[in-house]
Amino acid sequence: MQKIIVLSCEWCVGEWWNNNVEEVVKQGNKLGLPSNMSDAHPINDGKPGPLFPCSEKRTAFCRKVVAYNKFIQCTWWTYTYALEVEQGKTYLLRIINAALNDEQFFAIAGHNLTVVETDAVYTKPFTSQAILIAPGQTTNILVQAKQAPDRCFMAARPFMDTPVSIDNKTATRILQYKGIPNTVQPVLLQLQAINNTVFALSFNAKLRSLNTARFPASVPLKFDQRLFYTIRLGINQCTTCLNGTQLTASLNNITFVMPQIGLLQAHNFNTKGVITTDFPDRPLTPFNYTGAPITANLGTKLGTRLSKLALNSTVELESHPFDLHGYNFFVIGTGVGNFDPKKDPAKYNFGGSSRKKHNRSSYQWLGCHKVQG
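Our numbering applies: residue 5 is where the sequence shown begins, and numbers increase by one.
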């Protein structure tokens, strides 16, 4: 049996702002613009690695690698963290994307990654040169240390599927075979292009349930309620903002207004005037959801609205990634462009996926990590 060493630490990719984070958010809200981009993507210990203008750096020439076919001048840090591995052993790495808004590619030079779990659910194992991980997501991967002993860069960089401004910086760490001195220059790697949508779609399509006799994917073939949600950025009037407008996020063209009283508290004490239960199950006004440019009114409605679901009901969600706090769910279909209710259901995958089942009587947050696109 292949020996697996479970690391005691997790690889957490985050975002770093040189300025006070709360002040960054306040400034964005005051101007009605997106908050300033982060200044770095640190991994675990708050250090972003040798591609950033930090202290204690030195310059050396990295070795010639096939991907570049030339010697490249590298600025690197003596304190860059190195994960020591033993040749012939397999390691389990838990990757966490703690960035606020950036999906991330992650790869290790010269090594394939085998995905075995995502978001605390085992997946049908598959091997890839890199992984794509969304904000707030976790992924467990197996890495076999079977290459010639060396020092190799591990790196994470953002994925951008829409031409908008993002923090396009690469965070790095080092995978170091036991017995290799720290003076050996790490092997470079060539990450996916920042806008490699083809790889992103292909990677996500490989995520499948185990769907075995022991761990079946019991998919309800009938659903009780269909939910069609669209998520977008709108522009509302703002008298104190720059240019008199403010960017706002919305679901089905409704921008959430944070109540002054907790939702569970209002529900428990039957407090009136805090929430309404008329959140629409689909966009009130259909439009070309993926068309560009959007010429319709970009304004949104404000409200604290809820969508009620009967206990033990099974619902179908369409459009955009969600996380429903306290629940797992499977994806039965994805695609590019507008959903066709007549043709696309025939492409559903019920073998390794399922719909969401609501079996908890309480209020729950339906959250969406805003991604570009």
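Using N, Cα and C, we set each Cβ at its ideal position, and we do this for glycine too.
The beta carbon of Gln148 sits closer than 6 angstroms to the beta carbons of Thr94 from its chain, once the five residues preceding and following it are set aside; these are given in chain order. In the three-state reduction of the DSSP assignment, Gly50 falls in the coil class, being assigned neither a helical nor a strand state. Counting other Cβ atoms within 10 Å of its Cβ, Glu107 reaches 16 or more and is therefore classed as buried.
Contact between the stretch 132 to 148 and the stretch 213 to 228 is absent: fewer than 3 CB-CB pairs across the two stretches fall below 8 angstroms. Leaving aside the five residues that flank Leu251 on each side, the residues in its chain whose CB is nearer than 7 angstroms to its CB run, in chain order, Gly36, Leu37, Pro38, Leu237 and Ile239. Asn144 is bridged by DSSP to Arg98 and Glu121. Ala103 carries a coil assignment under DSSP once its states are collapsed to helix, strand and coil. Distance check between Asn24 and each of Gly18, Ser42 and Ile100 places Ser42 closest, using alpha-carbon atoms only. The secondary-structure analysis by DSSP pairs Gln108 across a beta bridge with Ile137 and Pro162. Under the criterion of beta carbons closer than 8 angstroms, Leu193 and Phe157 qualify as touching, at roughly 5 angstroms.
Taking 8 angstroms as the cut-off, the Cβ atoms of Ile184 and Pro153 count as close. Around the beta carbon of Lys173, 16 or more other beta carbons sit within 10 angstroms, so the residue counts as buried. Per DSSP, Val89 lies in no alpha helix (DSSP H) segment; the continuous beta strand (DSSP E) that holds it begins and ends at Ala86 to Val89. Leu288 and Asn257 have their C-alpha atoms some 8 angstroms from each other. Judged by DSSP secondary structure, Asn240 falls within the beta strand (DSSP E) whose first and last residues are Ile235 to Gln241. Pairing Asn332 with Val125 gives a Cβ-Cβ distance under 8 angstroms. Within a 10 Å sphere around the beta-carbon of Pro46 sit 16 or more other beta-carbons, which makes this residue buried. For the 8 angstroms CB-CB criterion, Gly50 and Asn101 do not form a contact. By the Cβ-count criterion, Ala350 is exposed, with fewer than 16 other Cβ atoms from all chains shown falling within 10 Å of its own Cβ. Going by C-alpha positions, Ala134 is about 19 angstroms away from Gly53.
Listed as beta-bridge partners of Trp20 by DSSP are Ala44. The three-state reading of DSSP puts Gln180 in strand, counting E and B together.
Here the alpha carbon of Ala159 sits roughly 6 angstroms from the alpha carbon of Phe110.
Just so you know, the alpha carbons of Lys34 and Glu26 end up roughly 12 angstroms apart. Residue burial is scored here from C-beta neighbours: Glu19 has at least 16 other C-beta atoms within 10 angstroms and is therefore classed as buried.
The bridge partners DSSP lists for Tyr126 are Glu121.
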